[in-house]
Amino acid sequence: MQQSSGLKNEATQCYHCGTNCTGSIEFSGKPFCCEGCKTVFRIISENGLDDYYTLEKFPGKSLSTTEDDRFAYLENEQIADTLYEFKDGEKAIITLKIPDVHCSSCVWLLENLSAINKNVLDCRVNFIRKEATISFLYKTFSLRKLAVLLSGIGYSPMISASNQKEKERKKHVGGINIKLGLAGFCFGNVMLLSFPEYFGISDLDKSFADFFSYLNLIISLPVLYSASGYFISAFAALKQKIISIDVPIALGITALFLRSSYEVLFQVGPGFFDSFTGLVFFLLIGKWFQGKTYEALSFDRDFRSYFPLAVNREVNGDSEIVPLNDICKGDVLRIRNQEIIPADSKLLSESTRINYSFVSGEEDPISIMKNDFIYAGGKQIGASILVEVLKPVSQGYLSRLWERNNPQQGINHADILNRIGKYFTIIVLIIATLSAVFWSVVNPSIVWETVTAVLIVACPCALALTVPFTYGNVVRILGRFGVYLKNTETVGKFFNITHLIFDKTGTLTLSGAGEIAYNGSEMSDLQRNVLFSLTTGSVHPYSVKISNYLKGAIKMNLDSFSEIHGKGLEGVFNGNTYRLGAPVWVLGKEDTSENASVIYTENNNRIGSFVFKPQYREGLKEQLSKIKPDFNISVLSGDNEKERAQLKGIFPPDTRILFNQKPEDKLNYISKLQNENEKVLMIGDGLNDAPALIQSDLGISVTDDIAVFTPSSDVIMDGRNLSIFSEVLNFIKNTRKILISSILISFLYNIVGLSFAVTGNLTPLFAAVLMPLSSISVVVFTSVSVFLLAHFRKLKP
Amino acid sequence: MTVIYILIFVSVLIASGFLVGFIWAVKSGQYDDTYTPSVRILFDKKPNKKEEYTKEKT
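Chains A and B, in that order, are what the protein sequence lines are.
FYI, in my numbering the residues of the first sequence are 83 to 879.
FYI, in my numbering the residues of the second sequence are 54 to 111.
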């Protein structure tokens, strides 16, 4: 690559990805920022797909280096087979997650993939899910080649163990749509056929009335299928000896249907089929509204998603690809640059550096010597190494930490509706019994009528709609501010939180970015260029940062260059020795004068030093002072104490700040608080916080790019929106008042209905008016008030 | 007035037709992805230029 220093034309933008560049790389008259972008352009234009660039401006993404080796494990048929959705003699279909899909050009290019390679038969993109379903000829064009082809044009697929799980999940959607459509159809028709009844049918038309009633009965039958979910869930709850909100609903639906069928079949009345179908229809609308989820995001990743699907095993000098689960103790694995070490193991190569940021949160790589222990989850940096597995994947440190706190499934006891449902059912049954006793004395002929009327009118339809619509609206509003809740139940978890815990790296600070400051004498051009030549030869994060800082310097050929692990860099130029590295190594003693991270010397004379400061997110201090009155706050950092002063300045005075916290320490800290009856909200990022996020009562994972991996949590939050965090908390806390008000409204309707039912005055027309009225008023009330609240809390996009 | 039996029979029949159509639409996956088709419809179907393409000079 030609270095064109001095040429500083800021206006030039890469034709492919839009990055500002010098314009030194050119192809067919168009400027590119790097060879990667140029290659992608060439592939695209050679295949006649130039339209890619006309649909959107700068549609591409800058390529990070693509290595074919990354997908080598896909050659293994055993692994590939677990990923396919369908496979026959020559064709296979696979759905791949492609996080880089971001605009209509992406859709266009991917769907024209068959123009680039004839072995690809078809490609369909689901933009919302960021997925492509591709059918291709796997005999002539392996899955590996497909993955390489996709990476080659800038759409690297994300393949992990969760892909295999996704496949099973894909079925069983659409059920609610059919049930809802069916209920709506029946509701509409029954309503229409009930109109003559409402307006009073004359005795002359008695045969019509019977005809309509029988027709209603027949049309209502499919609604039993629509309501089946409520029967199943109520039955499951009773089996566990719990009374959930679904129990009175199922009771009401059953009473409605039986009473109506009896009335029609024995020709004593028209029945309540309009109320029955309407009730189920409204309940299902609530369910459908609640079911909204963020499909592109995944909230349930476990640590395996971070690991490769397969690794290279060395057996007698030969290398073979094996699935991760087949690794045994004593196996020798080859780990390449940037690969994750999948199992706890021992280093066989001389030395290396491991980045444990996934595990500990500490970003600086750690030097490892031969025979040292390496934890699973570390990322290899540098040339490929050999390691010997000490424990199978499932017994590693991370796996055990993970399995310690598997979240329990089942009916949510804390759910506010289910708590109410219990008392509600008991009260309704008492009222029904009392009215039965009363009428059996006064007028035994209407006992059965009043009892069923009580059960019908008490059916908590409006009540059951309060939560889906209140929470559902909250989820939708928060989604506009980059706060994505896993499901509507998550909203309820916010209410009881008493303690907030923040992770530092990546959560409070911007990951990757950071300030770099140079202290010392002005560097001469020569010193600058030598330093640049030193740092470009190293992949250490500090070196990369310094290289970026020295933009414009020229790389020279040094007479000698060496990188000493854990210490620094040394180079000789024109007989002078230059060193850059840790103070202890460069100066031979601790540096106490300043907080220098690395020192640069020429022939042991200090030239200057660099200090790296993490960059904190904006508006943190202000946000924290707003939050402070309502919560206790702690900070748990995996890093060392060098940032203590900085953190103290940002956080309120009585914040507990703890350093050197391993994932296990974080988890224990949270369980300790929980034993003291605190409800803990954990805000973190990365795999090192994952156990803590699960253990906490509510886990929020913060990320700067929601397309990338986030650990499993209840909420995924765009890091930039941490600046409105206090507003978000405040907003959610206040929705509780809305929820309680709407519950009271629905109770009011129940009381009115019950007063008619116990006196034996419930007519079908009255029920048919009351039921929709109560449901609609609850829906309107919650929706309007949640939106007004968001408006007044200044939550504006 | 007995014509009303026929009318209602016909109306329920037609409505059922739409219901079946709806169920078919759900089952065939038309509600699985409600966004991408709105992007896809804007693409022009152009003849493949690959054959006419002559390799450009670097």
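Glycine included, each C-beta is placed from N, C-alpha and C at the ideal position.
- Per DSSP, the beta-bridge partners of residue 208 of chain A are A:213.
- For residue 709 of chain A, not one C-beta of chain B is nearer than 7 Å to its own C-beta.
- Relative to the Cα of residue 435 of chain A, the nearest Cα in the group A:460, A:414, A:416 belongs to A:460.
- Within a 10 Å sphere around the beta-carbon of residue 512 of chain A sit fewer than 16 other beta-carbons, which makes this residue exposed.
- Nearest neighbour of residue 808 of chain A by Cα position, chosen from A:707, A:462, A:643, A:216, turns out to be A:707.
- When rounded, the separation of the alpha-carbon atoms in residue 134 of chain A and residue 237 of chain A is 14 Å.
- For residue 690 of chain A, the enclosing beta strand (DSSP E) stretches over residues 687–695.
- A distance of 7 Å or more separates the beta carbons of residue 543 of chain A and residue 340 of chain A.
- Near chain B, meaning a CB-to-CB distance below 8 Å, no residue of the region 395–417 of chain A qualifies.
- Here residue 550 of chain A is not near residue 475 of chain A, since their CB atoms are 7 Å or more apart.
- Between the region 766–778 of chain A and the region 657–672 of chain A, the count of Cβ pairs shorter than 8 Å is below three; the stretches do not touch.
- Neighbours of residue 259 of chain A in chain B, taken as residues at a C-beta separation under 8 Å, are given in chain order as 79, 84.
- Residue contact check for residue 186 of chain A against chain B: a CB pair falls below 7 Å.
- Apart from the 5 residues on each side of it in sequence, residue 797 of chain A sits with its Cβ closer than 6 Å to the Cβ of 567, 782 in its chain, given in chain order.
- Secondary structure of residue 714 of chain A (DSSP, three-state): strand.
- Burial check for residue 799 of chain A: the Cβ neighbour count within 10 Å reaches 16 or more, so the residue is buried.
- Residue 202 of chain A places its beta carbon 7 Å or farther from that of residue 189 of chain A.
- Going by DSSP, residue 356 of chain A is part of the alpha helix (DSSP H) stretching over 355–372.
- Residue contact with chain B for residue 267 of chain A: present (Cβ-Cβ distance below 7 Å to some residue of chain B).
- By the CB criterion at 7 Å, residue 697 of chain A and residue 852 of chain A fall outside the cutoff.
- One thing to note: residue 580 of chain A has its Cβ no nearer than 7 Å to the Cβ of residue 758 of chain A.
- For residue 631 of chain A, the closest of A:618, A:532, A:226, A:125 by C-alpha to C-alpha distance is A:618.
- With respect to chain B, the C-beta atom of residue 210 of chain A has a partner C-beta closer than 7 Å.
- Interface residue (Cβ-Cβ distance to chain A less than 7 Å): residue 62 of chain B is not classified as such.
- With contact defined as three or more Cβ pairs closer than 8 Å, the region 713–729 of chain A and the region 580–589 of chain A are in contact.
- Following the DSSP letters along the chain, one finds residue 161 of chain A inside the alpha helix (DSSP H) bounded by residues 159–165.
- Here residue 345 of chain A is buried: its Cβ has 16 or more other Cβ atoms, across all protein chains shown, within 10 Å.
- Interface residue (Cβ-Cβ distance to chain A less than 7 Å): residue 67 of chain B is not classified as such.
- For residue 313 of chain A, no beta strand (DSSP E) encloses it; the enclosing alpha helix (DSSP H) starts and ends at 310–321.
- Looking only at A:819, A:180, A:124, the smallest Cα-Cα distance to residue 553 of chain A is reached by A:819.
- For residue 853 of chain A, the three-state secondary structure derived from DSSP is helix.
- Only residues of its own chain outside the window of five on either side were considered, and among them 411, 425, 426 have a CB closer than 7 Å to the CB of residue 473 of chain A, listed in chain order.
- The beta carbon of residue 190 of chain A falls within 7 Å of a beta carbon belonging to chain B, placing the residue at that interface.
- Using a Cβ-Cβ cut-off of 7 Å, residue 89 of chain B counts as an interface residue toward chain A, since at least one Cβ of chain A sits closer than that to its own.
- Measuring C-alpha to C-alpha distances from residue 864 of chain A to each of A:355, A:350, A:814, A:555 identifies A:555 as the nearest.
- Contacts between residue 92 of chain B and chain A, judged by CB atoms closer than 7 Å, involve 186, 189, 209 in chain order.
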